[in-house]
Amino acid sequence: MMKSGDAAIDVPESSAVAKGKAPLIPPPKEQKSGMKKGLGIFDFLLRLAAIIAALAAAATMGTSDETLPFFTQFFQFEASYDDLPTFTFFVIAMALVAGYLVLSLPFSIVTIVRPNAVAPRILLFILDIVALTLTTAAGAAAAAIVYLAHNGNPNTNWLAICQQFGDFCQKVSGAVVASFVTAVVFMIMILLSGFALKKH
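Sequential numbering of the sequence shown, starting at -5, is according to this note's numbering.
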């Protein structure tokens, strides 16, 4: 109980509390949201890189064709990707992967606009694994044929043809390398998706 003679001391409220200002450190929820948005942007850029690599693989393999010039027009040796079912499968598979990556871009944009949305990330995570499997299968099968084209197999009398069809072998080898680049980018995207889903 205060007496009439006592002096009252007024303590002013802090300016941050009085004016209702937020603290300088954002709450943990906003930090997570910002990190997920950054992961979404990185995922979008990786998808663009994967599209370029997959299209390069399909186009390079699809245009691999060489005819040896020192034979007559009635008797020529020609090497083309559609002579081998493995290379045909490679072109179809990489074209499908490139098409999927283009269709996945809107979902990747959703993860940027709505970083806390779970459904688009789970969908991309599952479909990326399927696309990675298809890319790996096509690349590995084509790599086996490219190895035989470069080195042959004496046990089965399969001759190396790259000494004669140098341009053809160079193109198919480049296509296989591009497919493995696509597979590596898919692995990074899957790891990022798993990391983002773990934060939920």
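Heads up, the beta-carbon is just placed ideally off N, CA and C, and yes, glycines get one too. All of these numbers come straight from a predicted model, not from anything done at the bench.
Check whether the Cβ atoms of residue i and residue j lie closer than 9 Å to each other.
{"i": "V166", "j": "S58", "result": "yes"}
{"i": "K192", "j": "T105", "result": "no"}
{"i": "A51", "j": "F84", "result": "yes"}
{"i": "P129", "j": "A177", "result": "Checking the sequence, you will find Thr at residue 129 rather than Pro. Yes; because the gap between Cβ atoms is below 9 Å, this pair is in contact."}
{"i": "A48", "j": "M183", "result": "no"}
{"i": "G133", "j": "V170", "result": "yes"}
Note down the Cα distance separating residue i from residue j, rounded to an integer number of angstroms.
{"i": "A87", "j": "A154", "result": "26 Å"}
{"i": "V179", "j": "D76", "result": "27 Å"}
{"i": "L39", "j": "S173", "result": "18 Å"}
{"i": "D127", "j": "P114", "result": "The identity of residue 127 in the sequence shown is Thr, whereas the question assumes Asp. Going by the C-alpha atoms only, they are around 20 Å apart."}
{"i": "I116", "j": "Y94", "result": "16 Å"}
{"i": "I103", "j": "S74", "result": "39 Å"}
{"i": "N91", "j": "G34", "result": "Before going on, a small fix: residue 91 reads as Val here, not Asn. Going by the C-alpha atoms only, they are around 20 Å apart."}
{"i": "I120", "j": "G188", "result": "10 Å"}
{"i": "R41", "j": "N151", "result": "43 Å"}
{"i": "E72", "j": "C156", "result": "12 Å"}
{"i": "L142", "j": "V124", "result": "28 Å"}
{"i": "A202", "j": "F36", "result": "What the structure shows of the chain is the stretch from -5 to 194, and residue 202 is not part of that stretch, so it cannot be assessed."}
{"i": "I46", "j": "A89", "result": "11 Å"}
Got a sec, what are the start and stop residues for the beta strand (DSSP E) residue i sits in?
{"i": "S234", "result": "Outside the shown range of the chain, which is -5 to 194, sits residue 234, and nothing can be said about it."}
Considering just the uninterrupted stretch of the alpha helix (DSSP H) at residue i, what are its terminal residues?
{"i": "P148", "result": "Looking at the DSSP string, P148 is not in any alpha helix (DSSP H), and its letter there is neither H nor E."}
{"i": "Q164", "result": "160 to 192"}
{"i": "A89", "result": "79 to 107"}
Answer with buried or exposed for residue i, where buried requires no fewer than 16 other C-beta atoms within 10 angstroms of its C-beta.
{"i": "P148", "result": "exposed"}
{"i": "V175", "result": "buried"}
{"i": "L185", "result": "exposed"}
Is the segment 133 to 150 touching the segment 73 to 84 in the sense that three or more CB pairs, one from each, lie closer than 8 Å?
-> yes
State whether the segment 109 to 118 contacts the segment 141 to 161, with contact taken as three or more CB pairs (one from each stretch) at a distance under 8 Å.
-> no
Is it a yes or a no for the segment 35 to 55 touching the segment 164 to 182, going by three-plus beta-carbon pairs under 8 Å?
-> yes
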